[in-house]
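Q: Okay, so the sequence shown: first residue is 12 according to our numbering, each after it adds one.
One structure coming up, written as structure tokens, with questions to follow.
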Amino acid sequence: MMGKELAGYYIGENIHFELARKKLTKLDDSGRPLNSFTFRDTMLRLFLYLLENANGNIVTNEQILFDVWDSYGLRSSSQRLWQVMQSLKFRLVMLGGPHDLILRIETFDSKGYTLKKGIVRPLYFVGT
């Protein structure tokens, strides 16, 4: 029986996120690596949280703070979320990713984030 296992994500046309290595890599047109960035734990959790929960959905600041910081015994704050989010966006853009991948959403009753539709695609390993 063949099964699928999530290996990472493609972001846009030329960025690959590899789960096992915690690494974002910009690829050239033939798929060879050009530049890369290896995540530290908190930024990795934030990025994964967005990939898993904000792709087509809005996640609130409160959800992010709890799931990325509080549930790991870390002290959360809106300022810390903003800092790590800005750093994440900067890393993505420096690798050539879309500047508008992560979108800030503010409504009358909540604040949060979503990912721009159609940019992120999962990458699976297919095994036996």
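From the three backbone atoms N, C-alpha and C, an ideal C-beta is built for every residue, glycine too.
DSSP three-state call for Arg91: helix, strand or coil?
A: Of the three classes helix, strand and coil, the one that applies to Arg91 here is helix, per DSSP.
Q: Going by DSSP, which residues form a beta bridge with Val70?
A: BP columns for Val70 point to Tyr124.
Q: In three-state terms, what does DSSP make of Leu35?
A: Leu35 falls in the strand class under three-state DSSP.
Q: Work out the CA separation of Ile113 and Phe69 for me, nearest whole Å.
A: The sequence shown places Ile at residue 69, rather than the Phe named in the question. Their Cα atoms are separated by approximately 11 Å.
Q: When you compare each of Val79, Leu38, Arg102 and Arg32 to Asn64 by their alpha carbons, which one comes out closest?
A: The option with the nearest alpha carbon to Asn64 is Val79.
Q: Please report the distance separating the alpha-carbon of Val95 from that of Phe58.
A: Approximately 10 Å between the Cα atoms of the pair.
Q: CB-CB under 8 Å to Leu55, same chain, minus the five flanking residues each way: which ones, in chain order?
A: Lys33.
Q: Are there three or more Cβ pairs, one per stretch, closer than 8 Å when the region 27-43 is compared with the region 75-94?
A: Flag = no, the region 27-43 and the region 75-94 do not touch.
Q: Find the nearest neighbour of Asp120 within the set Gly23, Asn66 and Asn72, judged by alpha-carbon distance.
A: For the residues Gly23, Asn66 and Asn72, the minimum Cα distance to Asp120 belongs to Asn72.
Q: Which same chain residues end up closer than 7 Å to Phe28 when comparing Cβ atoms and leaving out the 5 residues on each side of it in sequence?
A: So the list reads Gly19, Tyr20, Ile22 and Leu35, once near-sequence residues are dropped.
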